[in-house]
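Asks: Starting off with a structure, shown below.
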Amino acid sequence: MSENGLKVSRRGFVAGAGAAAAAAGLGLAGCATQTGGEGGQSLANTSPEKMAYDPNEGEWIPTCCNMCFCNCSIKAHVIDGVVVELTGNPDSPIGNGHICGKGASGIMQLYDPNRVTKPMKRTNPEKGIGIDPGWEEISWDEAFAIMDEKLSAAAAEYPGAIGSASMVASQAGSLVKGMALGALYGAYEPANAIADLCGTGVHQVSYIYTGAGNAMPDYKYCNYILQFGTNAGTATRHGFNMTASLFSQRRAEGLRLVNFDPHMSSSGEAADMWVPIVPSTDAAAALSIAYVLVHELDLIDRDYLAKRTNGPALVSNATGRILRDPSSNKALYMDADNQVKPYDQCENPQLEGSFEANGEVCTTGFSLYKEHLKKYTPEYQEEITTVPAATIRQVAKEFGEAACIGETIEIDGVTLPYRPVCADLFSGLTRHKHAFHACWSVISLNVLVGATNSVGGLIGFDPACNGWTDAEQPYVQWRPSIWEEDGFINDVSLMLAYPHSYYEKVRNGDYAPKDMSMLALQPIGEDAHFYNIAQADPDMYHTQPVKVMFAYGCNPIKWWGNHDEQIEVFKKFDYVIGVDLFMNDSSYFYDLFLPEASYLERIDPMPHFFLNHRVIGGVDIPWAYPVWQKVVEPKDGVMSIFEIMGELADRKGMNEAYIGLLNGVYRVKPEYSIPMDQKFNMEGFADSVTRSVLDDKVDYAWLKENGVYTHPRDVDEMYIWANDAPGKVPLYWDFMFEAKEKIEAAVADLGIYWETDDYQPFPDWKPAVEWEASDPAFDLFPVYYTDAINTDSWALENPYIDEINMTNPYAYAIEMNATVAKEKGLADGDAVRLTSQHDSWVEGIVMTSEKIHPACLAVIAGTWGSASEFQPAIKGKGTAISHLVPGQDPKRLDHICSALDQTVRVKIEKIS
Ligand SMILES: Nc1nc2c(c(=O)[nH]1)N[C@H]1C(S)=C(S)[C@@H](COP(=O)(O)OP(=O)(O)OC[C@H]3O[C@@H](n4cnc5c(=O)[nH]c(N)nc54)[C@H](O)[C@@H]3O)O[C@H]1N2
Ligand SMILES: Nc1nc2c(c(=O)[nH]1)N[C@H]1C(S)=C(S)[C@@H](COP(=O)(O)OP(=O)(O)OC[C@H]3O[C@@H](n4cnc5c(=O)[nH]c(N)nc54)[C@H](O)[C@@H]3O)O[C@H]1N2
Ligand code: SF4
Ligand SMILES: [Mo]
1 MSENGLKVSR
11 RGFVAGAGAA
21 AAAAGLGLAG
31 CATQTGGEGG
41 QSLANTSPEK
51 MAYDPNEGEW
61 IPTCCNMCFC
71 NCSIKAHVID
81 GVVVELTGNP
91 DSPIGNGHIC
101 GKGASGIMQL
111 YDPNRVTKPM
121 KRTNPEKGIG
131 IDPGWEEISW
141 DEAFAIMDEK
151 LSAAAAEYPG
161 AIGSASMVAS
171 QAGSLVKGMA
181 LGALYGAYEP
191 ANAIADLCGT
201 GVHQVSYIYT
211 GAGNAMPDYK
221 YCNYILQFGT
231 NAGTATRHGF
241 NMTASLFSQR
251 RAEGLRLVNF
261 DPHMSSSGEA
271 ADMWVPIVPS
281 TDAAAALSIA
291 YVLVHELDLI
301 DRDYLAKRTN
311 GPALVSNATG
321 RILRDPSSNK
331 ALYMDADNQV
341 KPYDQCENPQ
351 LEGSFEANGE
361 VCTTGFSLYK
371 EHLKKYTPEY
381 QEEITTVPAA
391 TIRQVAKEFG
401 EAACIGETIE
411 IDGVTLPYRP
421 VCADLFSGLT
431 RHKHAFHACW
441 SVISLNVLVG
451 ATNSVGGLIG
461 FDPACNGWTD
471 AEQPYVQWRP
481 SIWEEDGFIN
491 DVSLMLAYPH
501 SYYEKVRNGD
511 YAPKDMSMLA
521 LQPIGEDAHF
531 YNIAQADPDM
541 YHTQPVKVMF
551 AYGCNPIKWW
561 GNHDEQIEVF
571 KKFDYVIGVD
581 LFMNDSSYFY
591 DLFLPEASYL
601 ERIDPMPHFF
611 LNHRVIGGVD
621 IPWAYPVWQK
631 VVEPKDGVMS
641 IFEIMGELAD
651 RKGMNEAYIG
661 LLNGVYRVKP
671 EYSIPMDQKF
681 NMEGFADSVT
691 RSVLDDKVDY
701 AWLKENGVYT
711 HPRDVDEMYI
721 WANDAPGKVP
731 LYWDFMFEAK
741 EKIEAAVADL
751 GIYWETDDYQ
761 PFPDWKPAVE
771 WEASDPAFDL
781 FPVYYTDAIN
791 TDSWALENPY
801 IDEINMTNPY
811 AYAIEMNATV
821 AKEKGLADGD
831 AVRLTSQHDS
841 WVEGIVMTSE
851 KIHPACLAVI
861 AGTWGSASEF
871 QPAIKGKGTA
881 ISHLVPGQDP
891 KRLDHICSAL
901 DQTVRVKIEK
911 IS
């Protein structure tokens, strides 16, 4: 036994995982690798300190990691029922045998003595951070009785009276929790509260341009990446270990990386060029790169713009609307023969020009775009972003030249356009007002040079699937359909691969809000963030509030804006049920705490769903269906959410409703269903799903033994326009006018405050709410970033991760530009207070560096500084800047996609 009572040495752990974190920071390799050897377990790179146990003893059991949402395939080394080591599983493309430092720390999630494994009931009715809830251990019988009583009471009031909160701690759990509340109590999911971002705006533009909700640089072929507000592949994002290894290999081969970020985070550190930018100004920089490409260099892909976008569409000068064929409503283009024709009858449409057509003066969408861009000179954007005009010119030139406009490449016998450049983006862009326009501005750069859906450019993770098996498999197939009026690609959803179309939604959606998400008024939105405002003030949108909240694997007091506002919302619920492994700050507001089994103690039937939302795609990356199995017996018989809800269904005599719903979502073939009239059986359900969606020869027992089922990917699954398949993306967003008109009519009827100014045909930069400095003392913008060793507030309690954080002087500190700090008389180690202009403040320790824009402060996560007595390892460490953001002001929400404007000005003062 080692110092921590387990068969694993902490010194050995830190040495290995710390090195992995450092390597990821450098962008060299995401993670320590374990490849080769019998069963893929090479011992050569296992440090001697780890040899406290015999590597040949016990079993190496394949399963999934859940220390972040990527769910990499791993192997657990289990000796006598104890997990002694976690490594990557080299048999699976999901992680390729890599495990990151967070993943390796998973042992301590399992064995942390502060993990809760018994249901708990609050005995102190007074709720507040630091006020002892008086948790009393209760039986599962009592827990189920209370849960049913409270949920039934709420359900009797109205369907929206049951609400839920969840995010990424378990994707399946979030889905199942919502479905179960629907099936058993008639609750509906739109009352679901989710965290501040996670791709709000990014997913939508990804759908629209690639047909898949997540898009990425085609790393294998890409030679030049512009990253805006993301640390993809260096610390974060989907399929982290896969991206990290592919990205680092390509970096070594010369892939150039330019990173726009106010803070030199992992990607900035790894990049060829870090471009510090003022937060919330990316749209101006991106539109200026477009300006240079179009107006100064003429480095654009005209053929692509004519064929794959609606750039040639004729737009009426009088109305701003696209001219359409009266019978088919198809967009009209001007053909090379000067005849006006529906787009699909044009041989060689004219991309530019003004014409008279059908008695109207009109201009092509692309000519209007050129005109629109005229304002965005590099000099103009410099005043906004502080990025030197020369940098924008340099980047635009490099990007345009690297795009290889006009070139093709042959892959597996298919000739495809080759555009090895990509402008990539993620959550740094979604944290501000007008976030939708920022995402749109950046992603449009790929369109200008013809890189969207081309080899080496911006591609969807998995926009199309011809089937996972060689056998005919109608259960697992998808491909974006076509919106015929414009020839646009529609999309497939993020997880379940359901067909979806924003154009259809704009056209035929019901604009009457039915719940607090207000999604009916956001036809191009998909996040329920208006909930945060409506729950606090139900009169604002005439909605009915949630009365009983079911919080699953999340920390909702911290994940949005001002914590006091969030606390007030939580205090007003009649009852809160929380499901977690640990008691975090939010648990102080739970009435009933239900423990869930750790990922190492439970089964998930389909860890990556149909559409591999957290697994990157690529022609060389096969479809992979990994196992997620129990590697140890659950402590105290603790259950997974599937089983908790299954038990509840059984007690209510509603097995059929519950199992029927799960069967539907997981596409279980009737012949493989578990008995519908008996209590839900987890292993049986996993088997029924496996048999239904995979080859008939494969069952769950096979998967448990073999770890992963793979199937090669076809070229036309990755490149949706292979073989000249039809499809376009919008350049002129005509449908925004239709959406605006319909939303405005609905809002007038409702008599509520709503904004529609952002519904325009082209993207723009517009200032954040606190853009103008009303008081010069409030001169700094705090931002947060993610590093490779941390996951939101998920693993804060983990002593291994804390130990690594303690070796990084910046991990728990507030990072500040060294020159600015000096001017303000601040030095490393000073205790400071950050005060917002909204009666909120937070405190922390300053650390200075050259790695941050002078106008900014930066922290990791920004949700830390946990006050929970139940998380002693982390208590008080870090600064929760999220508290500085007002979270209930509708003017701070982007009304297209409901992103929260977190651009706040703060004043910094020394306190000791
Ligand atoms: N290690 C690790 N990996 C993760 C996660 C994790 O917690 N830990 N979480 C997973 C989840 S849920 C998600 S959503 C993804 C997130 O993946 P990313 O979006 O890549 O995550 P962040 O590191 O938060 O990247 C945001 C970056 O934007 C910068 N930024 C802030 N404001 C602005 C701005 O206005 N403009 C620009 N250009 N940059 C800005 C920040 O400094 C930061 O470096 O990662 C996933 N992967
Ligand atoms: N200021 C700020 N706000 C943010 C972010 C940020 O970086 N900074 N990130 C945003 C983003 S992108 C996201 S995705 C969200 C994340 O916000 P949350 O989803 O709230 O994530 P965490 O804060 O990590 O909390 C996750 C909780 O899940 C628990 N947990 C872990 N594993 C399991 C499990 O298997 N089952 C159950 N039941 N519980 C489990 C952990 O103990 C922890 O309490 O926050 C968003 N808000
Ligand atoms: S990237 Fe996430 S899922 Fe993969 S090993 Fe690390 S913590 Fe686990
Ligand atoms: Mo996220």
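Mapping to full-length UniProt numbering: the sequence shown position 877 is 877, numbers consecutive.
Glycine included, each C-beta is placed from N, C-alpha and C at the ideal position.
Going straight from the alpha carbon of V84 to that of P799, what length do you get?
Replies: Start at 1 with the first residue of the sequence shown, and residue 84 comes out as number 84. Start at 1 with the first residue of the sequence shown, and residue 799 comes out as number 799. In a straight line, the C-alpha of V84 is about 16 Å away from that of P799.
Asks: What residues are listed by DSSP as bridge partners for M549?
Replies: Residue mapping note: residue 549 aligns to position 549 of the sequence shown, counting from 1. M549 is bridged to G163 and V576.
Asks: Following a CB-centred definition, is C198 positioned closer than 6 Å to any heavy atom of ligand 1?
Replies: Within the sequence shown, numbered from 1, the residue matching residue 198 stands at position 198. Checking every heavy atom of ligand 1 against the Cβ of C198, one is found closer than 6 Å.
Asks: Do you know offhand how far V340's Cα is from T756's?
Replies: Within the sequence shown, residue 340 is the residue found at index 340, counting from 1. Within the sequence shown, residue 756 is the residue found at index 756, counting from 1. Going from the Cα of V340 to the Cα of T756 covers about 32 Å.
Asks: For ligand 1, I want to know if C897 counts as a neighbour, meaning its beta carbon is within less than 6 Å of at least one of the ligand's heavy atoms.
Replies: Taking the first residue of the sequence shown as position 1, residue 897 is located at position 897. The answer is no for C897.
Asks: Just how far apart, CA to CA, sit T791 and D462?
Replies: Locating residue 791 in the sequence shown gives position 791, counting from the first residue. Locating residue 462 in the sequence shown gives position 462, counting from the first residue. When rounded, the distance between both Cα atoms is 25 Å.
Asks: If you reduce the DSSP assignment to three classes, tell me which class F461 lands in.
Replies: By one-based count along the sequence shown, residue 461 stands at place 461. If DSSP states are grouped into helix, strand and coil, F461 belongs with coil.
Asks: Please state if the CB of G173 and the CB of I674 are separated by a distance shorter than 7 Å.
Replies: Counting from one through the sequence shown, the residue named residue 674 turns up at place 674. Counting from one through the sequence shown, the residue named residue 173 turns up at place 173. The answer is no: Cβ separation not under 7 Å.
Asks: Is any heavy atom in ligand 2 found nearer than 6 Å to the beta carbon of M167?
Replies: Indexing the sequence shown from 1 puts residue 167 at position 167. The answer is yes for M167.
Asks: For V615, which residues in the same chain have their Cβ closer than 6 Å to its Cβ, ignoring the five residues on either side in sequence?
Replies: The count along the sequence shown starts at 1 and reaches residue 615 at position 615. For V615, where only same-chain residues beyond five positions count, the Cβ hits under 6 Å are I94, G239 and H608.
Asks: Measuring alpha carbon to alpha carbon, tell me which residue in W841, D335, A899 and I911 is nearest V202.
Replies: The residue given as residue 202 occupies position 202 in the sequence shown. Considering only alpha carbons, the answer is A899.
Asks: Rounding to the nearest angstrom, what Cα-Cα distance links E371 and V689 in this structure?
Replies: Along the sequence shown, read from residue 1 onward, the residue named residue 371 stands at position 371. Along the sequence shown, read from residue 1 onward, the residue named residue 689 stands at position 689. Approximately 53 Å, taken between the alpha carbons.
Asks: Would you kindly work out how many angstroms separate the C-alpha atoms of Y291 and R393, rounded to a whole number?
Replies: As a working note, residue 291 is residue 291 in the sequence shown. As a working note, residue 393 is residue 393 in the sequence shown. Cα-Cα distance, rounded: 9 Å.
Asks: Please decide whether G456 counts as near chain C, where near means a Cβ-Cβ distance under 7 Å.
Replies: The chain labelled as chain C is not found in the depicted structure, where only one protein chain is given.
Asks: Can you give me the C-alpha to C-alpha distance between W60 and V708, rounded to a whole angstrom?
Replies: In the sequence shown, counting from the first residue as 1, residue 60 sits at position 60. In the sequence shown, counting from the first residue as 1, residue 708 sits at position 708. If you take the alpha carbons of W60 and V708, they lie about 14 Å apart.
Asks: Which partner residues of N192 appear in the DSSP bridge assignment?
Replies: The residue you call residue 192 lines up with position 192 of the sequence shown. Its beta-bridge partners are S164.
Asks: Return yes when the Cβ of R833 is within less than 7 Å of the Cβ of E843, no when it is not.
Replies: Here residue 843 corresponds to residue number 843 of the sequence shown, with the count starting at 1. Here residue 833 corresponds to residue number 833 of the sequence shown, with the count starting at 1. Contact flag set, yes.
Asks: DSSP three-state call for N223: helix, strand or coil?
Replies: As a first step, residue 223 must be located in the sequence shown, where it is residue number 223. If DSSP states are grouped into helix, strand and coil, N223 belongs with coil.
Asks: Would you mind reading off the limits of the beta strand (DSSP E) that contains R833?
Replies: Here the question's residue 833 lines up with position 833 in the sequence shown. Its beta strand (DSSP E) spans residues A831 to S836.
Asks: I'd like to know if the region 70–84 and the region 100–112 are in contact, where contact means that at least 3 CB-CB pairs between them fall below 8 Å.
Replies: Short answer: they touch.
Asks: Excluding the 5 residues preceding and the 5 following D604 in the sequence, name in chain order all residues of the same chain whose CB lies nearer than 6 Å to its CB.
Replies: As a working note, residue 604 is residue 604 in the sequence shown. Counting only Cβ-Cβ distances below 6 Å, and skipping sequence neighbours, we find A172 and W628.
Asks: Answer yes or no: do G182 and L494 have a C-beta to C-beta separation smaller than 7 Å?
Replies: Residue 182 sits at position 182 when you count from the first residue of the sequence shown. Residue 494 sits at position 494 when you count from the first residue of the sequence shown. Result no, Cβ atoms of G182 and L494 do not sit closer than 7 Å.
Asks: Under 7 Å between the Cβ atoms of Q535 and P545?
Replies: For the purposes of this step, residue 535 is taken as the residue at position 535 of the sequence shown. For the purposes of this step, residue 545 is taken as the residue at position 545 of the sequence shown. Taking 7 Å as the Cβ cut-off, Q535 and P545 qualify as a contacting pair.
Asks: I want to check one thing, is the minimum distance from the CB of A195 to the heavy atoms of ligand 2 below 6 Å?
Replies: Counting from one through the sequence shown, the residue named residue 195 turns up at place 195. Indeed, a heavy atom of ligand 2 lies less than 6 Å from the Cβ.
Asks: Start and end of the alpha helix (DSSP H) containing S245?
Replies: Taking the sequence shown and counting its residues from 1, the one referred to as residue 245 is at position 245. Where S245 is concerned, the enclosing alpha helix (DSSP H) stretches over F240 to A252.
Asks: Name the two residues that bound the continuous alpha helix (DSSP H) containing V366.
Replies: In the sequence shown, counting from the first residue as 1, residue 366 sits at position 366. Per the sequence shown, residue 366 should be read as Phe rather than Val. Taken as a continuous stretch (DSSP letters only), the alpha helix (DSSP H) holding F366 covers G365 to L373.
Asks: With ligand 3 as the reference, list in chain order each residue whose Cβ lies under 6 Å from any of its heavy atoms.
Replies: Result: C65, M67, C68, C70, N71, C72, G95, I99, C100, K102, G103, F240 and N241.
Asks: May I ask you to verify whether the region 652–667 touches the region 111–131, counting CB pairs closer than 8 Å and requiring at least 3?
Replies: Too few Cβ pairs lie closer than 8 Å, so no.
Asks: Ligand 2 and S105: does any heavy atom of the ligand fall closer than 6 Å to the residue's C-beta?
Replies: As a first step, residue 105 is located in the sequence shown; it is residue number 105 there, counting from the start. False, no ligand heavy atom lies under 6 Å from that Cβ.
Asks: Identify every residue that forms a DSSP beta bridge with Y333.
Replies: As a first step, residue 333 is located in the sequence shown; it is residue number 333 there, counting from the start. A313 and K341.
Asks: What are the start and end residues of the alpha helix (DSSP H) that includes L648?
Replies: The residue you call residue 648 lines up with position 648 of the sequence shown. First-last of the alpha helix (DSSP H) with L648: I641 to R651.
Asks: My guess is that A597 and V638 are in contact by the Cβ rule of under 8 Å, so how many angstroms apart are they, rounded?
Replies: Locating residue 597 in the sequence shown gives position 597, counting from the first residue. Locating residue 638 in the sequence shown gives position 638, counting from the first residue. 5 Å between Cβ atoms; contact.
Asks: By how many angstroms is the C-alpha of N681 removed from the C-alpha of Q41?
Replies: To locate residue 41, count along the sequence shown from 1; it is residue 41. To locate residue 681, count along the sequence shown from 1; it is residue 681. Low per-residue confidence applies at Q41: pLDDT is 37, beneath 50, and the placement is therefore not dependable enough to give any value.
Asks: Would you mind stating whether H432 and T903 have Cβ atoms separated by less than 7 Å?
Replies: Within the sequence shown, numbered from 1, the residue matching residue 432 stands at position 432. Within the sequence shown, numbered from 1, the residue matching residue 903 stands at position 903. For H432 and T903, yes; Cβs fall inside 7 Å.
Asks: Buried or exposed: E38, going by 16 or more other Cβ atoms within 10 Å of its Cβ?
Replies: For the purposes of this step, residue 38 is identified with residue 38 of the sequence shown, where counting begins at 1. Because E38 carries a pLDDT of 33, less than 50, the predicted location of this residue cannot be relied on, and no value is offered for it.
Asks: Quick one: what's D424 bridged to in DSSP?
Replies: Along the sequence shown, read from residue 1 onward, the residue named residue 424 stands at position 424. Paired residue(s): Q227.
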